[in-house]
């Protein structure tokens, strides 16, 4: 039994799982036999050094890249994505680090970008947008996450970096009913704004969405995640539950020190997790 | 005490950040207002100057003539504004227009009905637009370079096909398009207004319009949002080429003749109108209301300078100054947004 299989948490049912996923760029193995899963209402961290395979794994999970081997499961059913559009249709959304918003458009327009609501009837046939409906939906989405943006008609170019990222998260949650993939969501933000996004992730968890977060910020990962997968040279080197995932410990795993010294902390801790003494 | 101190400081920094954000937002709104109303102000000033300077300016006949002249420019300026908002530029329109005119002349020479000839010219123009779009989108060549090359190619073909000569294009009802009137105003002016209205409604009220802004503003974000950005850009190039063909049809009808020189005055005037109207070459920013006012300014200047028998060079200089001022305010607006 490997560490990966052993560690489970007491969240909801598994929404997204990757089983024995490998990916090769030519003869170079970017990922080898990787297993990862996320449950509803669970935040899973994904850490690793540059080139460890984090972004490749994320791209596979969102359908931007097809894995060379292995399979993906949504709600237990095997799926294969040919494009990010297909994964979106299945309720998986990605938030990128570089604030992927159209700054000339309003908050509402960004949330509905590419998925606009049309008016009903003949006017709708003429492809006229239903602005009031979209604005009130956007308002609801922001309020549900406790995002304090007063005017949804404001151009996103006028918002701060943190507010823009909050809009990106709100958009992802609006459409991603199952899984949210966060790729370095706070890398471009000031510390105060990082905290806000972290709070936002906690709100998202309450909405029973599964979250996978890739981050270099180990303080953030250790505070936020229920479980952290550590990638090393394209393999899952270990999986640490929340209690074990201190920044110091994560560094030992990311750099491979823990692996070399033959430690097997995850499995023991996992046992403790599954059979709590109290 | 010691534990509250850092958090207190953090709050202050945050407050200061928020304050700065608000300050920037205020400044941006102000600049946007100046940009929008400044243009209208320029129009009013220019209009009043011309009105007081020449007794012939504010007469229905003169204004109707000016409206007719400016409509050809306006038809292309509407499409150019959309292309620029979409993050691209098309400078080939002047020669596409000339080529359309020459093609109509050739077809009519072969005994083809002028309207059918116009349709053939439009198809040829659409082909050029498609080619422009493919070169920009698939081969990822800068649109200024592609359309500059296409400008040269189309103009060369126009001169070659026509042997630099002018062909008379008759046909009673065909001439009506460029010389007929409705309520004392030229028909082509209504064609321009109709096209403008369609463009305005598309940009403002439809998803397609929002997508054009998004693609020009942040291409990556648009693609990630599932917008078919490349098809959209190719579509924009075809649209503007068609608008150039329409302009060619109107001018050919107006002059009752086809010639390769008809596009010359429009080479840069169209881009000038779009940018003067507030469309930003960086993409994602601009409105057709701005373009409408800018076309009005250019029309009044052109007409007024002719009435005052001022040299065309003075007109060039005034337009140049206005253009640079317009771009300057756009630049200031961007700086305010950090």
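Chains as they are written, first to last, in the working numbering: chain Z, 18 to 295; chain F, 305 to 642. Every residue, glycine too, gets a C-beta built ideally from N, C-alpha and C.
Where residue i meets chain F, residues with beta-carbon distance less than 8 Å
{"i": "residue 82 (chain Z)", "result": "The contacting residues do not exist; residue 82 (chain Z) stays about 15 Å from chain F at best."}
{"i": "residue 263 (chain Z)", "result": "Here the premise fails: no neighbours, minimum Cβ distance about 22 Å."}
{"i": "residue 118 (chain Z)", "result": "522, 525"}
{"i": "residue 217 (chain Z)", "result": "Those do not exist, as residue 217 (chain Z) stays about 16 Å from chain F at its closest Cβ, beyond 8 Å."}
Rounded C-alpha distance that separates residue i from residue j
{"i": "residue 363 (chain F)", "j": "residue 350 (chain F)", "result": "16 Å"}
{"i": "residue 239 (chain Z)", "j": "residue 51 (chain Z)", "result": "21 Å"}
{"i": "residue 496 (chain F)", "j": "residue 371 (chain F)", "result": "10 Å"}
{"i": "residue 498 (chain F)", "j": "residue 546 (chain F)", "result": "15 Å"}
{"i": "residue 421 (chain F)", "j": "residue 605 (chain F)", "result": "34 Å"}
{"i": "residue 32 (chain Z)", "j": "residue 75 (chain Z)", "result": "15 Å"}
{"i": "residue 385 (chain F)", "j": "residue 582 (chain F)", "result": "9 Å"}
{"i": "residue 1 (chain Z)", "j": "residue 264 (chain Z)", "result": "The structure shown does not extend to residue 1 (chain Z), since chain Z spans only 18 to 295, so no value can be given for it."}
{"i": "residue 26 (chain Z)", "j": "residue 242 (chain Z)", "result": "For residue 26 (chain Z), the predicted model reports a pLDDT of 44, less than 50, meaning its position is unreliable; a value from the coordinates is still stated below. Taking the straight line joining both Cα atoms gives about 11 Å."}
{"i": "residue 614 (chain F)", "j": "residue 419 (chain F)", "result": "38 Å"}
{"i": "residue 367 (chain F)", "j": "residue 348 (chain F)", "result": "15 Å"}
{"i": "residue 635 (chain F)", "j": "residue 578 (chain F)", "result": "16 Å"}
{"i": "residue 245 (chain Z)", "j": "residue 527 (chain F)", "result": "31 Å"}
{"i": "residue 154 (chain Z)", "j": "residue 56 (chain Z)", "result": "26 Å"}
{"i": "residue 488 (chain F)", "j": "residue 425 (chain F)", "result": "29 Å"}
{"i": "residue 87 (chain Z)", "j": "residue 135 (chain Z)", "result": "40 Å"}
{"i": "residue 516 (chain F)", "j": "residue 505 (chain F)", "result": "13 Å"}
{"i": "residue 211 (chain Z)", "j": "residue 575 (chain F)", "result": "43 Å"}
{"i": "residue 387 (chain F)", "j": "residue 380 (chain F)", "result": "11 Å"}
{"i": "residue 309 (chain F)", "j": "residue 209 (chain Z)", "result": "Below a pLDDT of 50, predicted positions are generally treated as unreliable, and residue 309 (chain F), at 45, falls in that range; no measurement from the model is reported."}
{"i": "residue 324 (chain F)", "j": "residue 124 (chain Z)", "result": "20 Å"}
{"i": "residue 144 (chain Z)", "j": "residue 255 (chain Z)", "result": "51 Å"}
{"i": "residue 201 (chain Z)", "j": "residue 114 (chain Z)", "result": "5 Å"}
{"i": "residue 645 (chain F)", "j": "residue 161 (chain Z)", "result": "Beyond the ends of chain F as shown, which are 305 and 642, falls residue 645 (chain F); an answer cannot be given."}
{"i": "residue 59 (chain Z)", "j": "residue 598 (chain F)", "result": "55 Å"}
{"i": "residue 149 (chain Z)", "j": "residue 170 (chain Z)", "result": "10 Å"}
{"i": "residue 478 (chain F)", "j": "residue 106 (chain Z)", "result": "52 Å"}
{"i": "residue 492 (chain F)", "j": "residue 128 (chain Z)", "result": "40 Å"}
{"i": "residue 453 (chain F)", "j": "residue 629 (chain F)", "result": "28 Å"}
For residue j and residue i, believed in contact at Cβ under 8 Å, the rounded distance
{"i": "residue 430 (chain F)", "j": "residue 542 (chain F)", "result": "5 Å"}
{"i": "residue 190 (chain Z)", "j": "residue 158 (chain Z)", "result": "7 Å"}
{"i": "residue 537 (chain F)", "j": "residue 390 (chain F)", "result": "6 Å"}
{"i": "residue 276 (chain F)", "j": "residue 555 (chain F)", "result": "For chain F, the structure presents residues 305 to 642; residue 276 (chain F) sits outside this window and is missing."}
{"i": "residue 163 (chain Z)", "j": "residue 220 (chain Z)", "result": "6 Å"}
{"i": "residue 131 (chain Z)", "j": "residue 530 (chain F)", "result": "4 Å"}
Contacts of residue i in chain A (Cβ-Cβ under 8 Å)
{"i": "residue 331 (chain F)", "result": "In the displayed structure, chain A is absent; the protein chains listed are Z and F."}
Contact check, residue i vs residue j, beta carbons under 8 Å
{"i": "residue 156 (chain Z)", "j": "residue 120 (chain Z)", "result": "no"}
{"i": "residue 523 (chain F)", "j": "residue 511 (chain F)", "result": "no"}
{"i": "residue 133 (chain Z)", "j": "residue 514 (chain F)", "result": "yes"}
{"i": "residue 176 (chain Z)", "j": "residue 525 (chain F)", "result": "no"}
{"i": "residue 405 (chain F)", "j": "residue 548 (chain F)", "result": "no"}
{"i": "residue 600 (chain F)", "j": "residue 358 (chain F)", "result": "no"}
{"i": "residue 439 (chain F)", "j": "residue 395 (chain F)", "result": "no"}
{"i": "residue 463 (chain F)", "j": "residue 398 (chain F)", "result": "no"}
{"i": "residue 34 (chain Z)", "j": "residue 98 (chain Z)", "result": "no"}
{"i": "residue 206 (chain Z)", "j": "residue 186 (chain Z)", "result": "no"}
{"i": "residue 611 (chain F)", "j": "residue 443 (chain F)", "result": "no"}
{"i": "residue 48 (chain Z)", "j": "residue 38 (chain Z)", "result": "yes"}
{"i": "residue 553 (chain F)", "j": "residue 473 (chain F)", "result": "no"}
Contact set between residue i and chain F, taken where Cβ atoms lie within less than 9 Å
{"i": "residue 126 (chain Z)", "result": "514, 517, 518"}
{"i": "residue 198 (chain Z)", "result": "Result: empty, since nearest Cβ-Cβ is about 12 Å, beyond 9 Å."}
Contact list for residue i against chain F, beta-carbon separation under 7 Å
{"i": "residue 133 (chain Z)", "result": "511, 514"}
{"i": "residue 146 (chain Z)", "result": "509, 510, 511"}
{"i": "residue 248 (chain Z)", "result": "Result: empty, since nearest Cβ-Cβ is about 24 Å, beyond 7 Å."}
{"i": "residue 121 (chain Z)", "result": "517, 521, 588, 589"}
Residues that residue i contacts on chain Z, provided the C-beta gap is smaller than 9 Å
{"i": "residue 531 (chain F)", "result": "130, 131"}
- Task: Closer than 7 Å, Cβ to Cβ, to anything on chain Z: give me those residues from the region 516–529 of chain F, in chain order.
- Result: Per Cβ criterion, the list reads 517, 518, 521, 522, 524, 525, 526, 528, 529.
- Check distances from the C-beta atoms of the region 575–598 of chain F to those of chain Z and list, in chain order, the residues that come in under 8 Å. Against chain Z - using a Cβ distance shorter than 8 Å - the residues of the region 575–598 of chain F are 588, 589.
- Determine which residues of the region 81–110 of chain Z have a Cβ less than 9 Å from any Cβ of chain F, and write them out in chain order. Listed by position, the residues of the region 81–110 of chain Z near chain F (Cβ gap below 9 Å) are 101, 102, 105.
- Message: So if I threshold CB-CB distances at 8 Å, which residues from the region 405–427 of chain F count as touching chain Z?
- Response: Within the region 405–427 of chain F, contact with chain Z at the beta-carbon level (separation under 8 Å) is assigned to no residue.
- Message: Beta carbons nearer than 8 Å to chain Z: which residues of the region 382–403 of chain F have them?
- Response: The region 382–403 of chain F vs chain Z, Cβ under 8 Å: nothing.
- Item | Against chain F: residues of the region 34–65 of chain Z by CB proximity under 8 Å | Residues: none.
- Query: Mind listing which residues of the region 199–215 of chain Z have their C-beta closer than 7 Å to chain F's C-betas, in chain order?
  - Reply: Contacts with chain F (Cβ-Cβ distance below 7 Å) from the region 199–215 of chain Z involve 209, listed in chain order.
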